[in-house]
Structures are given as structure tokens and as C-alpha cells.
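To keep things clear, I will list the structure first and then write my remarks on it.
Residue numbers (full-length UniProt numbering): 1 to 290.
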């Protein structure tokens with residue numbers, strides 16, 4: 001971790017840090033950042049909900065951010081990455097899944113398969129060239145599915161609190177009697193600090209569909225560089241999931257970075273710095289290889 005965190009700042013990264021760019025992400029952003037912030041656009045798809053996205057055009061490899069369940073493209077990590085990519089002149093794309101944020105659709109009707117299709121559409125139709133996929137929580141699960149389906153478009157993966165298979169595994173870990181009661185009820189209510197209601201509701205149909213997309217039962221056919229960042233204080237998604245992913249991906253270039261005080265959202269200033277340093281290091285590695 002020290003090797004990544006203490007890496008000397010390259011190109012525009014030192015300028016951002018010295019000007020307090022990441023420290024001011026939560027509420028106070030520079031006027032210049034507001035002025036240059038990407039605009040929301042909408043991608044139309046035949047017989048499917050429109051997807052809202054923001055895009056910055058630039059060099060390859062590009063960066064695509066995949067948010068977590070119930071989140072959107074306007075979070076701190078997503079905005080920090082836009083600022084960073086813009087400073088380096090690399091392309092960047094962030095978007096909202098179906099039923100999330102400014103995109104069309106209903107969250108409760110979405111599935112892992114629905115959001116996987118969203119990611120593949122973005123890679124196929126909106127992103128040019130190879131991409132570094134940065135997935136947060138369920139976005140980390142989706143980045144793995146996308147990398148398997150589109151290896152030619154995936155230059156590297158960066159998982160933040162990766163939740164691969166998590167909902168299915170957590171449900172199957174419940175006592176048998178509890179599972180039977182929930183199946184009869186037809187839904188599973190999960191307490192969370194990340195929702196205004198204080199909980200998420202998942203239907204049994206959602207969980208059954210999610211089982212079709214589990215990746216941890218066998219080797220994961222991903223061969224690009226993989227970086228997995230996870231907080232040891234994560235109360236939503238156990239950090240050992242990132243270790244399982246690291247053990248199963250076929251890539252010879254895999255690092256796991258554990259944050260001693262890191263929580264699930266990994267949105268503290270130092271967490272975001274580490275994420276950016278990690279991506280900066282990958283861009284350097286990928287462009288040097290070319």
C-alpha cells in the first residue's frame with residue numbers, strides 16, 4: 001500500500017492536490033471546476049430506458065466509473081475522477097444505471113442483468129477504445145461481469161469495496177428458517193445507512209436472477225491488471241470478498257489494498273487520494289507498455 005500511496009505525483013495530479021481539489025469535493029468546489037464540469041447527456045436505446053451520462057473526451061486509456069446500488073454518477077468519487085482525468089487529458093465517462101439518478105426506469109424493477117446490459121451498452125456505444133473500469137460496491141461486481149464479456153474494451157479494473165456475489169452470498173448465509181420466511185413473504189429487507197428509508201428491499205426474483213451472474217464459484221477469466229481497495233471497517237460488504245476476487249481472477253497482475261479505517265463508501269479525502277493514485281499508477285503502467 002505504501003508503494004501506491006507514496007508514489008510521486010505525475011503530470012496534473014500534483015497540481016490538483018496542491019490546490020486542494022480533493023479536499024474540497026464535498027461542498028466547496030472551485031469555480032473553475034463548476035464552469036468546466038461535464039454536462040448531462042442522454043443515450044436512447046431501442047425499447048430500453050434512456051441512460052443519463054456525463055463524458056469528457058480525451059486520450060486512451062479512458063476511465064469509466066460504475067457506482068454502487070442506489071447511488072449515482074454525482075458522488076464524490078465519481079466527481080473526483082472527472083477532475084483527475086480532465087487534468088491528465090484522458091477520457092472519462094460516468095453514468096446512472098437504469099432506475100438510478102437521472103436515468104429512466106424504476107430501481108425496484110432492475111436486476112444485476114439489467115445493469116450489466118447498461119454497462120455493456122456504455123462500453124460499446126459511448127466509450128472509445130480500452131477503458132479502466134472503476135467499480136464501487138455492486139459496481140465492482142458489474143465491472144467483473146463487463147470485463148468477462150468485453151475483454152477487448154477492458155484495460156484494467158479498480159474495485160472499491162467490491163461486492164461480487166454479495167447479496168446472493170449474504171442471503172444464502174441466513175438460517176434456513178429465516179430464508180423460508182422471506183421466500184414466503186417474497187422480499188428481503190436489508191438495513192442500511194445509505195438510504196433515506198434506512199433499508200433496501202430485494203425481491204426473491206431479484207435474488208434468483210442475481211444467482212445467474214455470480215462469479216466467485218470458479219476462476220474468473222479476467223487477465224488485465226486488477227486493483228482492489230477495501231476498508232477493514234466496511235460494515236456492508238466484508239473485505240474478504242476482495243480477497244476472494246483476487247484469488248480467483250486469472251490475471252498475473254493483482255493487488256489488494258486494505259484500508260485499516262476505511263468504511264464502505266471509501267469517500268474520505270485520503271480514500272479518494274488513494275483511489276486516484278492507484279488509477280494514475282495504472283495509466284502510467286498501461287501507457288508505458290504501449
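Yeah, the Cβ is synthetic: ideal placement off N, Cα and C, and Gly gets one too.
Under the three-state DSSP convention, the category residue i falls into
i           : result
residue 208 : helix
residue 296 : Residue 296 is absent from the model: the chain starts at 1 and stops at 290.
residue 329 : Outside the displayed range of the chain (1 to 290) lies residue 329, so it cannot be described from this structure.
residue 305 : Here the chain covers residues 1 to 290 and nothing more, so residue 305 does not appear.
residue 282 : helix
residue 119 : helix
residue 58  : coil
residue 188 : strand
residue 242 : helix
residue 295 : With the chain represented from 1 up to 290, any question about residue 295 goes unanswered, as that position is not in the structure.
residue 113 : helix
residue 273 : helix
residue 140 : helix
residue 265 : coil
residue 52  : strand
residue 22  : The predicted position of residue 22 is uncertain, since its pLDDT is 48 and thus under 50; no value can be drawn from it.
residue 124 : helix
residue 216 : coil
Distance CB(residue i)-CB(residue j) smaller than 8 Å
i           : j           : result
residue 285 : residue 219 : no
residue 154 : residue 245 : no
residue 160 : residue 140 : yes
residue 119 : residue 66  : yes
residue 282 : residue 262 : no
residue 240 : residue 258 : no
residue 214 : residue 168 : yes
residue 116 : residue 142 : yes
residue 64  : residue 134 : yes
Beta carbon proximity, residue i to chain B, threshold 8 Å
i           : result
residue 140 : Protein chains in the displayed structure number just one, and chain B is not present.
Residue burial classification, residue i (beta-carbon count within 10 angstroms, cutoff 16)
i           : result
residue 157 : buried
residue 276 : buried
residue 190 : exposed
residue 94  : buried
residue 304 : There is simply no residue 304 to check, as the chain begins at 1 and stops at 290 in what is shown.
residue 108 : exposed
residue 49  : buried
residue 131 : buried
residue 62  : buried
residue 54  : buried
residue 208 : exposed
residue 79  : buried
residue 129 : exposed
residue 44  : exposed
Boundaries (first-last residue) of the beta strand (DSSP E) holding residue i
i           : result
residue 168 : Per DSSP, residue 168 belongs to no beta strand (DSSP E); it is in the alpha helix (DSSP H), 166-172.
residue 228 : 226-231
residue 107 : Residue 107 -> no beta strand (DSSP E), and no H or E assigned at all.
residue 200 : 199-203
residue 260 : Here residue 260 belongs to no beta strand (DSSP E), and DSSP marks it neither H nor E.
Whole-angstrom C-beta distance between residue j and residue i, which should lie under 8 Å
i          : j          : result
residue 60 : residue 91 : 7 Å
Residue i - containing alpha helix (DSSP H), residue span
i           : result
residue 220 : No alpha helix (DSSP H) contains residue 220, which DSSP labels as neither H nor E.
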